[in-house]
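Student: The structure follows.
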Amino acid sequence: MDLQLVKDKLFKLGLTSPESADQTRSLLKSTERTRKLKIWHDHSDILNHSYICFTVSFLYDEANFYTDQEFKLKHPDKMPINVQALVEIPKLYIFGQSGSSDEEQTLYTRTRLEDLQQIHLPTRVIHDDHNLTVFDDLRVFSGDGPARQFESGQQSGVIFPVFVAFQQ
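Numbered by numbering that gives the first Met the number 0, the letters in the sequence shown go through residues 0 to 167 in order.
So, in C-alpha cells, the structure goes:
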C-alpha cells in the first residue's frame, strides 16, 4: 500500500503517523489487526430464580469494520445497514442458575479463567491466502457487585480494589 494511503488511513482513525515509513505501516497493521472484545456479566432474578449470564461481543472500531458509508459503497445492491449495531450484537457465552452468595457466583470462575488465559494467545486467520495474526483486546463490563469485584481482582473484604490488566 502506498505510504500516503497508509498515512491517510491512520489520520482517518485519529492516529498520528510515526517518523519512519516502516513504523507507519507497522502502526496501521497492528491497529487493523487488534480487535476489541467485550465480555458483559449480569446476575439477575427471573421468576424468583437467580441466574448468571455472560455475553461476548465485538466493540465496533472503524479500523476493523466497514463504516455504514463504506458498506454502502462496497455493496450498492444491498439495503443500507447499521454496521455498528450488527457488529455489537452480543453472543451468549455462559448462562446458568446461580445464587447470590460469593461462593455460588465463583462456581464459574475456573471455566472463565481458562477462557481468559487463552484469549491472550493471538488468533491465526487465513484471509486471501495470507496467514494473519489477530490480537484481542479484552474489555470486561459488569452490572452486579460480587461478580464484578472478582472480575477486577478485588477479594471480599478488601477496601482497595486491584485491577488486573488483560492487555499484553
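Where a beta carbon is used, it is the ideal one built from N, C-alpha and C, also for glycine.
Quantities reported herein were computed from a predicted structural model and do not represent experimental measurements.
1. Within the continuous alpha helix (DSSP H) that includes L26, where are the two ends?
2. For H42, count the other beta carbons within 10 Å of its own beta carbon; 16 or more makes it buried, fewer makes it exposed. Which is it?
3. Suppose you measure from the CA of I88 to the CA of L58; what does that come to, to the nearest Å?
4. What is the residue span of the beta strand (DSSP E) that L106 lies within?
5. Could you please give me the residues that DSSP links to R138 through a beta bridge?
6. Helix, strand or coil for F57 per DSSP?
7. Leaving out the 5 sequence neighbours to the left and right, which residues in its chain are closer than 6 Å to P121 when beta-carbon positions are compared?
8. Helix or strand or just coil, what does DSSP make of K8?
9. Among S97, F70, P75 and G95, which has the Cα closest to the Cα of L85?
10. Which of helix, strand or coil does DSSP assign to L91?
11. Short of 6 Å in beta carbon distance, which residues of its chain neighbour P145, apart from the five on each side in sequence? Order them along the chain.
12. Any idea what DSSP makes of L120, helix, strand or coil?
Tutor: In brief:
1. Position 27 of the sequence shown holds residue 26. Here the alpha helix (DSSP H) through L26 covers A20 to E31.
2. As a first step, residue 42 must be located in the sequence shown, where it is residue number 43. Its Cβ being crowded by 16 or more others within 10 Å, H42 is buried.
3. Counting from 1 along the sequence shown, the entry for residue 88 is found at position 89. Counting from 1 along the sequence shown, the entry for residue 58 is found at position 59. Between I88 and L58, the C-alpha separation is close to 9 Å.
4. Here residue 106 corresponds to residue number 107 of the sequence shown, with the count starting at 1. Element bounds for L106: n/a, residue is neither H nor E.
5. On the sequence shown, position 139 is the one that residue 138 refers to. R138 is bridged to K37.
6. Along the sequence shown, read from residue 1 onward, the residue named residue 57 stands at position 58. Three-state result, F57: strand.
7. Start at 1 with the first residue of the sequence shown, and residue 121 comes out as number 122. Contacts found: T132 and F134.
8. Taking the sequence shown and counting its residues from 1, the one referred to as residue 8 is at position 9. Three-state DSSP puts K8 in a helix.
9. On the sequence shown, residue 85 is found 86 positions in, with the first residue counted as 1. Nearest option by C-alpha distance: F70.
10. Translated into the one-based positions of the sequence shown, residue 91 becomes position 92. Here L91 sits in strand by DSSP.
11. Along the sequence shown, one-based indexing puts residue 145 at 146. Unreliable placement is indicated for P145, whose pLDDT of 44 sits below 50; no coordinate value is reported for it.
12. Here residue 120 refers to the residue found at position 121 of the sequence shown. The answer is coil: DSSP assigns L120 none of H, G, I, E or B.
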